[in-house]
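Trainee: This is the structure, below, for whatever I ask next.
In our numbering, the protein residues as written are 7 to 212.
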């Protein structure tokens, strides 16, 4: 429902479509410009006001060919929704305006693993075995790698193409197999993680 301002009383109006208020919603990632509606006004001198703390709204423009209002926004890397009110205000009377409620959804990071989350090697040293690829929507991400096991015999490397490569530079001279659990998590969002189980057979189990 459109709210009522002093527009009607003044005999002039600023509207977007047939309303003094419109709502638009942006995705967090790679938001496309949004056309809010057509500016309908019988005045010529007006200003577009974007709140100072809404730097993520990068531009609001009015297409001179058809009076469509287009809003541009940056990506949202925060895990909270953000909201701001943009006003189109009469220069002569600030009580005459239309507003756009702009909301952008929170960023929802994820990390997944496309590959073998449980692998077993024989007792001999192995170097540079690719076991899969990390998949995430976090650009330029960094990871933490944590190892769990009775001893540190495994090394994990993440290559520039997000390939996960495992190394064991020493043989397993024990008669029992050994297991390492590796947790790979995003540094910026540590709750996003994957766990990989790597086992190596003992000498007598080959």
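Positions of the beta carbon are idealized from the N, C-alpha and C atoms, including for glycine.
Quick check for students: name the residue ranges of the beta strand (DSSP E) that lie wholly in the region 70-146, counting only runs of 3 or more.
Mentor: If we require 3 residues or more, the beta strand (DSSP E) runs fully inside the region 70-146 come out as 74-79, 88-96, 103-110, 117-121, 124-127 and 132-142.
Trainee: Report buried or exposed for residue 96, applying the criterion of at least 16 other Cβ atoms within 10 angstroms of its Cβ.
Mentor: That one is buried.
Trainee: Rounded to whole angstroms, what is the Cα-Cα separation between residue 15 and residue 40?
Mentor: Note that residue 15 scores a pLDDT of 45, beneath 50, so its modelled location is shaky; the value from the coordinates is reported in the next line. Distance between the alpha carbons of residue 15 and residue 40 is about 31 Å.
Trainee: Once the 5 residues before and after residue 164 are set aside, which same chain residues still bring their CB inside 7 Å of it?
Mentor: Within the same chain, residue 164 has close Cβ partners 140, 149 and 170.
Trainee: Roughly how many whole angstroms lie between the Cα atoms of residue 86 and residue 105?
Mentor: So the alpha carbons of these two residues sit roughly 23 Å apart.
Trainee: Determine the DSSP secondary structure at residue 64, reduced to helix, strand or coil.
Mentor: Here residue 64 sits in strand by DSSP.
Trainee: Which residues in the same chain as residue 9 place their Cβ atom closer than 7 Å to its Cβ, once the five residues preceding and following it in sequence are excluded?
Mentor: The pLDDT assigned to residue 9 is 43, lower than 50, so where the model puts this residue is not dependable; a value taken from the coordinates is nonetheless given after this. 26 and 27.
Trainee: Closest to residue 63 by C-alpha separation, out of 92, 21, 17 and 70, would be which residue?
Mentor: When only C-alpha atoms are compared, the closest one is 92.
Trainee: If I measure Cβ to Cβ from residue 36 and keep anything under 8 Å in the same chain, skipping five residues before and after, which residues do I get?
Mentor: Here the set comprises 81.
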